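Engineer:
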Amino acid sequence: MKKTGEIMLILFSREKIIINKTNNFITLVGDPLNPPTITGNDSVNSGTIDNTYSTATFTVNADYFIAINIKFENTAPHTPGKDSQAVAFRASGNKTAFYNCSFYGGQDTLYDHKGFHYFNNCFIQGSVDFICGYGRSLYENCRVNSIANNVSSITAQKRAMKSLLSGFSFKNCKITGTGKVYFGRAWGDYSRVVFSYTYMDSLILPEGWSPWNKPTINMCIGPGANRSGRVPWARLLTDEEASPFTGTYFVDGDSWLTNPMIQGDNCFT
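Heads up: the sequence shown at position 55 corresponds to 55 in the UniProt record's numbering, and the numbers run straight through without jumps.
If you want it as structure tokens, here you go:
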């Protein structure tokens, strides 16, 4: 980061936490061997909240936020049908980074709402649209784990206009879990999701994508990477086409990302 900010040490928290826009440059650091847990259970169908946005256990509206070795979760049960949205983390600030963090939930686990975000060595688990929003984010060396019982989707990317600097890029990740899932479904007319050098287990549906998404794949492996049966509008990128999505430059990282001092291996994957 460009300057030193406040460092917060957490053991366990059962409450909703909101970091306001004016509280920039906050860093949360947990023990890599025993990561602290921040938990909640709000959902749209709980009767007290009427929108996905407000269900988040942890919300960041500020810029230059970093989380290291933290577990975020929303334990609200997912029931098929409408109003089961239950966000564990909402990233609404710009230039935020996550290292060795985990995100647990059902529907809409990680609301990658808006701004430039970077996720490294993170674990993200859910059942429906569990990475969603219109942020511009790079997921590197992450594990994406489905707990769906039936047909579902991993991402719901909301790029509403072609001019928006929005999209999700997954590089060197692993897709595992249960159910039969799509890589994503569109939440906007110009939804953009890219998978590169990613292992895809057999839970991926042959079609790959639900209608109207703008999907792209580059150099992926595993049973789910078999492209036979893919929808005709899914694209296989060349290395040259994929290049703009596969480095931290996708999130303008050279201007704000640094390498934090992180101890221990990723304990979530």
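Every residue gets a Cβ at the ideal spot worked out from N, C-alpha and C, and that includes glycine.
It should be emphasised that the depicted structure is a prediction, and the values quoted were computed from it without experimental measurement.
Take residue 93 as the anchor and find which of 24, 247, 182 and 129 has the nearest alpha-carbon.
Structural biologist: Counted from its first residue, the sequence shown places residue 93 at position 93. Cα-wise, what sits closest to residue 93 is 24.
Engineer: Curious, which full-length alpha helix (DSSP H) runs of at least 4 residues does the region 66 to 111 contain?
Structural biologist: Counting only runs of 4+ residues, no alpha helix (DSSP H) is found wholly inside the region 66 to 111.
Engineer: Who are the Cβ neighbours of residue 79 in its own chain at under 8 Å, not counting the five residues just before and after it?
Structural biologist: For the purposes of this step, residue 79 is identified with residue 79 of the sequence shown, where counting begins at 1. Excluding its 5 nearest sequence neighbours in each direction, residue 79 has C-beta neighbours in its own chain below 8 Å: 45, listed in chain order.
Engineer: Quick check: the Cα distance between residue 18 and residue 239, rounded to an integer number of angstroms?
Structural biologist: As a working note, residue 18 is residue 18 in the sequence shown. As a working note, residue 239 is residue 239 in the sequence shown. Cα-Cα distance, rounded: 40 Å.
Engineer: Apart from the five residues just before and just after residue 83, which ones in its own chain have a Cβ nearer than 8 Å to its Cβ?
Structural biologist: Position 83 of the sequence shown, counting from 1, holds the residue named residue 83. Counting only Cβ-Cβ distances below 8 Å, and skipping sequence neighbours, we find 43, 44 and 45.
Engineer: Could you tell me the boundaries of the beta strand (DSSP E) in which residue 241 lies?
Structural biologist: As a first step, residue 241 is located in the sequence shown; it is residue number 241 there, counting from the start. Premise fails: residue 241 lies in the alpha helix (DSSP H), 239 to 242, not in any beta strand (DSSP E).
Engineer: If contacts are defined as beta-carbon pairs under 8 Å, then residue 135 and residue 166 qualify, I think. What distance do you get, rounded to the angstrom?
Structural biologist: Along the sequence shown, one-based indexing puts residue 135 at 135. Along the sequence shown, one-based indexing puts residue 166 at 166. Correct: roughly 7 Å between the Cβ atoms.
Engineer: Would you call residue 20 buried or exposed, if buried means 16 or more other Cβ atoms sit within 10 Å of its Cβ?
Structural biologist: What you label residue 20 is simply residue 20 of the sequence shown in a count that begins at 1. By the 10 Å Cβ count, residue 20 comes out exposed.
Engineer: Within 10 angstroms of the Cβ of residue 205, are there 16 or more other Cβ atoms? Answer buried if so, exposed if not.
Structural biologist: Translated into the one-based positions of the sequence shown, residue 205 becomes position 205. Buried, since its Cβ has 16 or more Cβ neighbours within 10 Å.
Engineer: How many Å lie between residue 89 and residue 57 at the Cα?
Structural biologist: As a working mapping, residue 89 is identified with position 89 in the sequence shown. As a working mapping, residue 57 is identified with position 57 in the sequence shown. Roughly 6 Å between the two C-alpha positions.
Engineer: Keeping to the same chain, check which residues put their C-beta closer than 6 Å to that of residue 71; ignore five residues upstream and five downstream.
Structural biologist: The sequence position of residue 71 within the sequence shown is 71, counting from 1. Cβ within range, chain order: 35, 37 and 102.
Engineer: Rounded to the nearest angstrom, what separates residue 253 and residue 169 at their Cα positions?
Structural biologist: One-based indexing of the sequence shown puts residue 253 at position 253. One-based indexing of the sequence shown puts residue 169 at position 169. So the two alpha carbons sit approximately 14 Å from each other.
Engineer: Which of helix, strand or coil does DSSP assign to residue 197?
Structural biologist: In the sequence shown, counting from the first residue as 1, residue 197 sits at position 197. Correct three-state label for residue 197: coil.
Engineer: If I follow the unbroken beta strand (DSSP E) through residue 185, where does it start and stop?
Structural biologist: By one-based count along the sequence shown, residue 185 stands at place 185. Residue range 174 to 186 is occupied by the beta strand (DSSP E) that includes residue 185.
Engineer: Could you check what DSSP says for residue 254 in three-state terms: helix, strand or coil?
Structural biologist: Locating residue 254 in the sequence shown gives position 254, counting from the first residue. Residue 254 falls in the helix class under three-state DSSP.
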